[in-house]
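Residue numbering for the sequence shown follows the UniProt record's numbering, beginning at 1 and increasing consecutively. The C-beta atom is built at its ideal place from N, Cα and C for all residues, glycine as well. Values in this document were obtained by computation on a predicted structure and should not be read as measured data.
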Amino acid sequence: MRFACKLTSCASSLPWLPTRAYAVFKTRLYSPCCIGTEPGLRLAATPPSLLSGAVPCVLKEMNKFGLMESSTNTSALKFDEETLVDSKETLAQEETSNENQGKIVLTKELGAFQHLPMVVCSRELLGSALRKARNIGPTKGICNIAKRERNKGAKQLDTLTKELALPLRVYIEKFPRNQHLHAYEYSLIDLTFGTGKYEEVLENVNTFRKKILDVGKNYASLCAKSTSKRGAEEVLKEGFSKLEEHFRKNGGVVDELVSVAKVLRAMPVFSLKTPTLCLVGAPNVGKSSLVRVLSTGKPEVCNYPFTTRGISMGHIFVQTDVYQVTDTPGLLRRPDDERNNMERLTLAALSYLPTAVLYVHDLTGECGVKVSDQLLLYKEIKEKFHQRPWLDVVSKADLLLQSSCSSTEMHVDSLEFYKVFGPEGALHVSVQTGLGTDELKQRVLSLLSDNFVTRESYVEEAVE
């Protein structure tokens, strides 16, 4: 107390000391985590920007007035200053984060999953933190045995707390929140983990981190107040035990985050800057075969965690131009709320990615979906995404029976017309015989090159 009074008196006598800086010292708030021979002042009433400029000057003047007993106290107060400034910045960031909760600011860029931090499993994190904390020694220059033990114990507890909590804070900051994701990635998270599960995992890690800080600061405070060497040793031992026990008991939330990161990094990546063609249709209509025909090289098989089959993705290279072509899971004719996750993936791609559509029809009846149901599904999808660049293809054309009736003899919108010719203007293609494949490639290139410049307009229209 005498130290604090002398410090306040000294600060008030310094004409150059800023008024707000003086107010910090006048508050005489004590920090239990300060390491030194006397309790330190808690410099938390002033912004970090002011502290960074005012504190060094004050320390220098304190030393001139003889208020610092040795270099030990100077380093101790600096240690506390850094701790408190870090805490202040953390609090400010958390307050900003809380203010932004609920604000949906979907980005127009993809690739958030490729920039996730490497998450260390709970066992490795705890082992590393314990090793670093136990290697911390007392501040040099402290002769009193009790004070030296108190100093060492408080520093070790502080180090252990920081080594456990700081990585968790980094994870929380680096993992994107739902409201900052691209709409397509947002939908992938919901399809993969279920609605709200991803945010729940991050919130569990944050709650876990706060508990670590609470326990660590509490025992650092008790250790700093110890009056004997034995008392400081007992508090240090108990503090280490409590932190380790809490981490081992609840560290599963960190391991769950490890699993989440692994799944997200493995997600296929789309490039919004590359013109993309999505092949859409009922299951087993021949979409994957057409991807292989259109792709310049061998298509890549992409796996989503919620699908039972791989999704083919290829590229078309024409001189200096590059185009993406991808298969999508088959759709069935049923209400949207009854669709499975694979069907929802297809709808998400059509809703949020700047893609052209190649709709594939199988009129042979071999795909397992009745031709009449394919027609109704086609009309539904075409109406919902009518703004997209569109191309209709009838696959397996070599298996279709030739009709004796011409297209002019049938009504264009009739089921009979569709069963024979498909939608009006559809291109008949056979992968087996090569029928129509050259014309298909030409039409696809024309579709992508002519319409890609307007991609933003039809994506935004779909989202709205």
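For this session: Return the bridge partner residues of Thr276 from the DSSP annotation.
Result: Thr276 is bridged to Gln324, Thr355.
Exercise. If you draw a straight line from the alpha carbon of Gly252 to that of Asp327, how long is it in whole angstroms?
Worked result: When the Cα atoms are used, Gly252 and Asp327 turn out to be separated by approximately 37 angstroms.
Exercise. If you pair each beta-carbon of the segment 331-348 with each one of the segment 187-203, do three or more pairs fall below 8 angstroms?
Worked result: Yes: the two stretches touch, three or more of their Cβ pairs being nearer than 8 angstroms.
Exercise. Are Asp392 and Gly425 closer than 8 angstroms when you measure CB to CB?
Worked result: The criterion of a C-beta distance shorter than 8 angstroms is satisfied by Asp392 and Gly425.
Problem set entry | the segment 353-371 in contact with the segment 269-284 per 3-pair CB rule at 8 angstroms | These segments touch.
Exercise. Closest to Pro299 by CA distance: which of Asn151, Pro354, Val325, Arg339 is it?
Worked result: Out of Asn151, Pro354, Val325, Arg339, Val325 has the C-alpha closest to the C-alpha of Pro299.
Exercise. Which same chain residues, not among the five before or five after Leu202, have their C-beta less than 7 angstroms away from its C-beta?
Worked result: Contacts found: Ile172, Phe175.
Exercise. Can you find at least 3 beta carbon pairs, one from the segment 150-170 and one from the segment 210-223, that sit closer than 8 angstroms?
Worked result: Contact between the segment 150-170 and the segment 210-223 is present, with at least three C-beta pairs closer than 8 angstroms.
For this session: Please determine if the segment 232-248 and the segment 142-156 are in contact, where contact requires at least 3 C-beta pairs separated by less than 8 angstroms.
Result: Yes, the segment 232-248 touches the segment 142-156.
Exercise. Below 8 angstroms, can you find three or more Cβ-Cβ pairs linking the segment 285-295 to the segment 240-255?
Worked result: In short, these stretches do not touch, since the Cβ pair count stays below three.
Problem set entry | Within 8 angstroms, strictly: CB atoms of Val371 and Tyr418 | Contact check for Val371 against Tyr418 passes: the beta carbons are separated by less than 8 angstroms.
For this session: Starting from the C-beta of Arg333, find all residues in its chain whose C-beta is less than 6 angstroms away, skip the five residues before and the five after it, and write them out in chain order.
Result: Answer for Arg333: Asp373, Leu376, Leu377, listed in chain order.
For this session: Please determine, among His180, Lys211, Arg169, Ala349, the residue with the shortest C-alpha to C-alpha distance to Leu191.
Result: Ranked by how close their Cα comes to the Cα of Leu191, the residues His180, Lys211, Arg169, Ala349 have Ala349 in first place.
Exercise. If you draw a straight line from the alpha carbon of Lys140 to that of Lys152, how long is it in whole angstroms?
Worked result: Per the coordinates, the alpha-carbon of Lys140 lies some 10 angstroms from the alpha-carbon of Lys152.
Exercise. Roughly how many angstroms separate the alpha carbons of Leu164 and Ile142, rounded to a whole number?
Worked result: Going from the Cα of Leu164 to the Cα of Ile142 covers about 28 angstroms.
Problem set entry | Beta-carbon separation (whole angstroms), Glu244 vs Leu126, contact threshold 8 angstroms | Their Cβ separation, rounded to whole angstroms, is 7 angstroms, which keeps Glu244 and Leu126 in contact under 8 angstroms.
For this session: Identify, in the order they occur along the chain, each residue of the same chain with its Cβ nearer than 6 angstroms to the Cβ of Thr307, setting aside the five sequence neighbours on each side.
Result: The answer, listed in chain order, is Met342.
Problem set entry | First through last residue of the beta strand (DSSP E) which encompasses Cys143 | Annotation for Cys143: no beta strand (DSSP E) segment contains it, and DSSP assigns it neither H nor E.
Exercise. Among residues of its own chain, excluding the 5 on either side of Arg443, which ones have a beta-carbon nearer than 7 angstroms to its beta-carbon?
Worked result: Excluding sequence neighbours, Arg443 sits near Leu391, Leu427.
For this session: State the start and end residues of the unbroken beta strand (DSSP E) segment that holds Val393.
Result: For Val393, the enclosing beta strand (DSSP E) covers residues 390-394.
For this session: Keeping to the same chain, check which residues put their C-beta closer than 8 angstroms to that of Gln319; ignore five residues upstream and five downstream.
Result: Within the same chain, and ignoring the five residues on either side of Gln319 in sequence, no residue has its Cβ closer than 8 angstroms to its Cβ.
For this session: Below 8 angstroms CB to CB, which residues in the same chain sit around Leu445 once its five sequence neighbours on both sides are set aside?
Result: In its chain, beyond the 5 residues on either side, Ile316, Val318, Tyr323 have a beta carbon closer than 8 angstroms to the beta carbon of Leu445.
Exercise. So, is Ala266 buried or exposed, given that buried needs 16 or more other C-beta atoms within 10 angstroms?
Worked result: Counting other Cβ atoms within 10 Å of its Cβ, Ala266 stays below 16 and is therefore classed as exposed.
For this session: Would you kindly report the start and end of the unbroken alpha helix (DSSP H) that includes Arg228?
Result: Residue 228 is actually Ser in this sequence, not Arg. Membership of Ser228 in any alpha helix (DSSP H) is not indicated, and neither H nor E is assigned to it by DSSP.
Problem set entry | Cβ-based burial, Asp450 [other Cβ within 10 Å; buried from 16] | It is exposed - the Cβ of Asp450 has fewer than 16 other Cβ atoms within 10 Å.
Problem set entry | Residue closest to Ala112, alpha-carbon to alpha-carbon, out of Ser228, His180, Ser395, Glu238 | Considering only alpha carbons, the answer is His180.
Exercise. Got a sec, what are the start and stop residues for the alpha helix (DSSP H) Gly252 sits in?
Worked result: Its alpha helix (DSSP H) spans residues 252-265.
Problem set entry | Three-state secondary structure (DSSP) of Met118 | Met118: coil per DSSP, three-state reduction.
For this session: Note the first and the last residue of the continuous alpha helix (DSSP H) segment covering Glu109.
Result: Neither: Glu109 is in no alpha helix (DSSP H) and is coded neither H nor E.
For this session: Report buried or exposed for His182, applying the criterion of at least 16 other Cβ atoms within 10 angstroms of its Cβ.
Result: Its Cβ being crowded by 16 or more others within 10 Å, His182 is buried.
Exercise. Going by the CB atoms, is the gap between Leu363 and Leu400 shorter than 8 angstroms?
Worked result: Yes, the pair counts as a contact, with Cβ atoms nearer than the cut-off.
Exercise. Residues in its own chain within less than 8 angstroms of Ser271 by CB, not counting five upstream and five downstream?
Worked result: Cβ neighbours of Ser271 beyond the five flanking positions: Leu110, Gln324.
For this session: Look up Ser449 in the DSSP assignment and say whether it is helix, strand or coil.
Result: DSSP places Ser449 in helix when its eight states are reduced to three.
For this session: Hey, could you find the ends of the beta strand (DSSP E) Val301 is sitting in?
Result: Start and end: 300-302.
For this session: Please confirm if Ser446 has its CB atom under 8 angstroms from at least one CB of chain D.
Result: Within the model displayed, chain D is absent; a lone protein chain is all it includes.
Exercise. For Val431, does the count of other Cβ atoms within 10 angstroms reach 16, so buried, or fall short, so exposed?
Worked result: By the 10 Å Cβ count, Val431 comes out buried.
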